[in-house]
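Below, the structure is given as structure tokens:
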């Protein structure tokens, strides 16, 4: 026996789960929604998504190489997810230069300035999206009308989203079937309810996320809508609610770390979303609600603890 | 629905390579080294000196306190020296070295295989006998059994739980022991029930051992009061607190011993050792050891004399494979990586596992992505990521208030971390420091 033995503490085996596996799982879950967006928004959806992903990955690479002088982490897939999620939150006729600014803010300010993956407080894609919404309000709220396999990009026909119409007390032009399939105006990745729910099912099956955040958001929105007398189904199926509840609020880094905390976080997001939609200046409140609760996540982690073994002392 | 514990847990690959392999008797080595500290508590005091002749079963070291255990010679021969040898901890510790000559047993040990069902001793006499024979917990914790059977004043046991979960991957020694010595185990269980004066015992066993479950269920018809409870497979089911929760749905309050819920838990190997001690007068000097590994020629279950170097067992199982990167005493989740193959088998050694080089090297860790997987799998409901951060920043008071001492070191957190963070390493560091702080505080008072 001349080969040396390795000494380390237990456990001596690993389950094989890795950060990049989890990230790739999320990307797979995003595929159905991407197909829906390609179907209804055509070329525009493709250009916006590719631009956003490329810009995010390149910015992360450049910042790590030249500013931080650190090892590149683009292989973990998290920059790709940020790129896809940012694109999903944009209208499909947004000019390329605006998308690039959004990607720079998302990766540069939202993620790398905090120290990269795992250190950011706010969801990077939402930071980029909200920055654009405030900076370019006109371009960010000019929604293309769905057109099957469209070959238009900037020159597409535009119209209002369901939530804008609701806000203006005008009759909405999409019925439930349209909403489920994605045949309505909106950001390119948020329209297809069924596709998004398929993504949720995949992530639950693969145990990438747990049900706690999406279910508590959707449940709260439904109950709160009923209480204040608005149609809960329209609320859930319109705007970024499903995209946010399934893919944005469940972001590992910016959401609480135990099941009790996740439920509190989800309920708060649900309430804030409806409050902003109903009484705020913007027709859509999901992004703001998630960002606000991102800021509360450290506090939730500090005060809401997991259920401990032997915590409830019960003497027999 | 099968029973299981309620918080956390993981499902590692079983890899029970040596399942169904009959127990073979390992050859007696030419020289054995008997560690003086092979149990929790004070080391035993050697009562033999260089040149003394001993037989198999001769008392060679006496318990060094109440929480300690007697040690008996596993071989016959001459004591050559009392010197130190590196054990599984990686440190040199004192041991008695015996040169083997023949195989002559103490006359009072019954060496026949015939079943002896009746036991007319009083509870006190049983515990006395167990103490004399140096029985310790055989599951790996090696807590002296006579201490566990003597509840502190004011506490009484209502139920005995026999731990046959064997939730560690690879290990099969308990499984095989049940298949070959089922009836002896049940008699041992009866004796343990008498010792703590309870009339109910439950054998907790994971349902990947169907043949053992069937056998025990059939045999228990003859032994009223003993019940077999199949459990859903989940690690760490064999953790004492987890097993109690799985079987009687009660959680041992934080900081308390299992007796606070009226339970005494004993390993199935211990039940067999108790049978041999009480009925056959045989002290604990041999045990079943699984020798296994993916590259090993013939993974096996051996009956091994204490003090046998593990290298000899690896030889008996086909020799050390070329690609061995790590040798582990125990299972892959909680076992200890050893530094060489001269390390002697001790009373708590349930397995010798060879891990291939490619699996033995830890991957580089990356940033915590706060996925909370470690929180979900922690069977004690702790926050491993937080405890690691606190320990790495030496924030011991915060680590204590976040219940770092509740950690049972099962390793589920490190096993599951997608960023390969060494969570348990840091938590162990924290437990050591916090434990010292708590003890020094108690001394001041």
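Chains as they are written, first to last, in this note's numbering: chain A, 245 to 560; chain B, 25 to 469. Where a beta carbon is used, it is the ideal one built from N, C-alpha and C, also for glycine. All values derive from a computational prediction rather than experimental measurement.
Restricting attention to B/357, B/410, B/254 and B/409, the CA atom closest to the CA of residue 25 of chain B is found in B/254. Not a single C-beta of chain B is nearer than 8 Å to the C-beta of residue 442 of chain A.
The Cβ atoms of residue 418 of chain A and residue 406 of chain A sit closer than 8 Å to each other.
Sorting B/62, B/445 and B/434 by C-alpha distance to the C-alpha of residue 264 of chain B places B/434 at the top. Taking CB atoms only, residue 405 of chain B has a neighbour in chain A less than 8 Å away. By the Cβ rule, the segment 413-433 of chain B does not count as touching the segment 540-548 of chain A, because fewer than three pairs are nearer than 8 Å. At a cut-off of 8 Å between beta-carbon atoms, residue 373 of chain A makes no contact with chain B.
By the rule that beta-carbons nearer than 8 Å mark a contact, residue 409 of chain B touches chain A. Taking CB atoms only, residue 384 of chain B has a neighbour in chain A less than 8 Å away. Of the other Cβ atoms in all chains shown, 16 or more fall within 10 Å of the Cβ of residue 217 of chain B; this residue is therefore buried. Residue 409 of chain B and residue 447 of chain B do touch by the CB rule: their CB atoms are close to 7 Å apart, below 8 Å.
With contacts defined as CB atoms closer than 8 Å, residue 469 of chain A and residue 536 of chain A fail to qualify as a contacting pair. Taking a beta-carbon distance threshold of 8 Å, residue 258 of chain A counts as an interface residue toward chain B. Within its own chain, the residues whose Cβ lies closer than 6 Å to the Cβ of residue 344 of chain A, once the five positions on either side in sequence are excluded, are 299, listed in chain order.
Selection A/456, A/444, A/331 and A/366 evaluated against residue 507 of chain A yields A/456 as nearest (Cα-Cα).
No Cβ-Cβ contact shorter than 8 Å links residue 467 of chain B with residue 429 of chain B. Boundaries of the beta strand (DSSP E) harbouring residue 329 of chain B: 324-329, taken from the DSSP string. Cβ-Cβ distances below 6 Å link residue 337 of chain A to 288, 388, 398 and 400 in the same chain, with the five nearest sequence neighbours on each side left out; the list follows chain order.
Shown here, residue 248 of chain A sits in coil according to DSSP, grouped into three states, outside any helix or strand.
Around residue 316 of chain B, the same chain offers 41, 42, 194, 323, 375 and 377 as residues with beta carbons nearer than 7 Å, after the five sequence neighbours per side are excluded. Only residues of its own chain outside the window of five on either side were considered, and among them 365 and 366 have a CB closer than 8 Å to the CB of residue 539 of chain A, listed in chain order. The closest CA to that of residue 275 of chain B, considering only A/516, A/463 and A/555, is found on A/555. Counted as a single uninterrupted DSSP element, the alpha helix (DSSP H) harbouring residue 198 of chain B occupies residues 197-220.
The Cβ of residue 175 of chain B sits no closer than 8 Å to any Cβ of chain A. Within chain B, the C-beta atoms nearer than 7 Å to that of residue 263 of chain A come from 390, 393, 442 and 443, in chain order. For residue 497 of chain A, the neighbours in chain B by C-beta distance under 8 Å run, in chain order, 393 and 394. Sorting B/202, B/38 and B/28 by C-alpha distance to the C-alpha of residue 241 of chain B places B/202 at the top. Residue 378 of chain B sits in a strand when the DSSP states are folded into three classes. Residue 513 of chain A is not a Cβ neighbour of residue 480 of chain A, given a cutoff of 8 Å. Under DSSP, residue 121 of chain B takes part in a beta bridge, and its partners are B/57 and B/105. Inter-residue distance for residue 354 of chain B and residue 47 of chain B is about 17 Å (C-alpha atoms, whole angstroms). At a cut-off of 4 residues, the continuous stretches assigned as alpha helix (DSSP H) that sit fully inside the segment 224-258 of chain B are 234-244. Judged by DSSP secondary structure, residue 49 of chain B falls within the beta strand (DSSP E) whose first and last residues are 47-49. In the DSSP annotation of this structure, the continuous segment of the beta strand (DSSP E) that includes residue 350 of chain B starts and ends at 348-353. Burial is judged here by how many other beta carbons sit within 10 angstroms of a residue's own beta carbon; residue 357 of chain B has at least 16 and is buried. In the DSSP assignment, residue 309 of chain A is bridged to no other residue.
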